[in-house]
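Structure record follows, encoded as structure tokens.
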Amino acid sequence: MADTVKGPVCGMELRPEDAVASEVHEGRTFYFCSHGCHRAFVSDPHRYGHAKEGHGGQEGHGTHH
Ligand SMILES: [Zn+2]
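Residue 0 in numbering that gives the first Met the number 0 sits at position 1 of the sequence shown; the count goes up by one each step and never skips.
As structure tokens, then:
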């Protein structure tokens, strides 16, 4: 089985080798499905890097182009 990780911005499951970008934050490596997700994370890593579970407040992939 392929190892998948969850994108911290949109919550999408992706494989690290498929990620378009990655970012290390507080010792953890996060992977991103798009440059938009990567930029969003870099602009506010604490919002996403420590995101609480169970709140689907993000727009998901609707803003990816
Ligand atoms: Zn994404």
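For each residue, glycine too, the CB sits at the ideal point set by N, CA and C.
Output needed for residue i: all residues of its chain with C-beta closer than 8 Å, excluding positions within five of it in sequence on either side, in chain order.
| i | result |
| --- | --- |
| residue 2 | 14, 15 |
| residue 48 | 7, 24, 25, 27, 29, 40 |
Once the 5 residues before and after residue i are set aside, which same chain residues still bring their CB inside 7 Å of it?
| i | result |
| --- | --- |
| residue 30 | 4, 6, 13, 15, 18, 21 |
| residue 36 | 6, 8, 9 |
| residue 45 | none |
Assign residue i to one of two classes, buried (16 or more other C-beta atoms within 10 Å of its C-beta) or exposed (fewer than that).
| i | result |
| --- | --- |
| residue 33 | buried |
Starting from residue i, trace the beta strand (DSSP E) in both directions and tell me its first and last residue.
| i | result |
| --- | --- |
| residue 20 | 20–24 |
| residue 28 | 27–31 |
Check for me: the alpha helix (DSSP H) holding residue i runs from which residue to which?
| i | result |
| --- | --- |
| residue 46 | 44–48 |
Keeping to the same chain, check which residues put their C-beta closer than 6 Å to that of residue i; ignore five residues upstream and five downstream.
| i | result |
| --- | --- |
| residue 11 | 32 |
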